[in-house]
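The structure appears right after this line, and notes come after that.
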Amino acid sequence: ATGENWPDALGGAALAGVVDGPLLLTKPTDLPDAVAAEIVRLDADNAYILGGTGAVSQAVQDELDAALSGSVVRLSGSDRYATARVVADKVIELQGPGYSREAFVSTGLNFPDALGASPLSAAWGVPILLTKRDRVPSLPGAVDSVIILGGSAVVTPVTEDLLEAALGCPIPESSRHLGIHCRPE
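Structure representation (structure tokens):
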């Protein structure tokens with residue numbers, strides 16, 4: 013993932029955990045020597061690129077293709093929100109029936125809440141979905157509960173209400189921002 017902006021890397025925490033691999037940061041247009049050396053040291057065969065060519069250029073992808081014996085797969089969407097969804101879909105796919113059906117929801121405007129949850133995301137294989145203010149994130153069909161990261165100033169009550177409607181069950185006022193929501197069976 014690019015090391016020059018946070019959304020794709022933090023969204024990739026669950027993916028790194030699921031594939032039991034590190035999350036390496038690159039410059040958008042150049043794979044740093046230290047990162048290339050780490051790929052060699054790890055004896056890596058495959059890689060995921062997180063984000064579009066504006067985040068990680070085709071030149072970096074070409075360098076990875078040349079350096080690795082396996083596949084290089086780009087996971088990207090039209091923006092940080094769509095990329096987080098594409099990464100979440102891959103995390104869910106890789107876990108198959110072992111997926112917990114949970115996701116974290118964080119603002120896509122700032123990083124502290126997603127950063128705080130990223131170790132849990134990696135350890136538990138729970139993807140981080142990013143949301144815009146007063147919007148519901150794009151929820152994968154396999155998600156039936158979410159944990160909202162941050163207070164109501166960053167993930168608003170409007171977003172909570174939209175999540176409640178999308179998941180199909182009421183949230184007790186005492187549980188808001190502990191934020192567990194469910195889809196009916």
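Sequential numbering of the sequence shown, starting at 13, is according to this note's numbering. All C-beta atoms in this analysis are idealised placements derived from N, C-alpha and C, irrespective of residue type, glycine included.
- The beta carbon of Gly15 sits closer than 7 Å to the beta carbons of Leu37, Thr38 and Lys39 from its chain, once the five residues preceding and following it are set aside; these are given in chain order.
- Per the Cβ contact rule, the stretch 76-89 is in contact with the stretch 51-58 (3 or more Cβ pairs under 8 Å).
- For secondary structure counted as the alpha helix (DSSP H) over 4 or more consecutive residues, the stretch 19-51 holds these complete runs in sequence order: 19-23 and 25-31.
- Counting C-beta atoms within 10 angstroms of its own C-beta, Arg145 has fewer than 16 neighbours from the protein chains shown and is therefore classed as exposed.
- From the listed residues Leu142, Ala135, Pro19 and Glu176, the smallest Cα separation to Ala67 is found for Pro19.
- Collapsing the DSSP output to three states places Thr65 in coil.
- Under the three-state reduction of DSSP, Tyr111 is assigned to coil, being neither helix nor strand.
- Note on Val85: under 16 other CB atoms within 10 angstroms of its CB, so exposed under the neighbour-count rule.
- Cβ-Cβ separation between Leu142 and Ala96: approximately 4 Å, consistent with a contact (criterion under 8 Å).
- 9 Å or more divides the Cβ of Gly63 from the Cβ of Ala126.
- DSSP places Ser150 outside both helix and strand once states are collapsed to three, so it counts as coil.
- Inter-residue distance for Pro149 and Val117 is about 8 Å (C-alpha atoms, whole angstroms).
- Under the DSSP definition of a beta bridge, Arg86 partners with Ile61.
- Asn122 and Pro109 have their alpha carbons spaced roughly 32 Å apart.
- Its Cα nearest to that of Thr41, the residue Thr65 stands out among Asp55, Tyr60, Thr65 and Asp32.
- Between Gly120 and Tyr93, the C-beta gap is smaller than 9 Å, which places the two residues in contact.
- The Cβ-Cβ distance between Val99 and Pro139 falls below 9 Å.
- Cβ contact annotation for Ser88 (same chain, cutoff 7 Å, sequence separation greater than five): Gly63, Gly64, Thr95 and Val98, in chain order.
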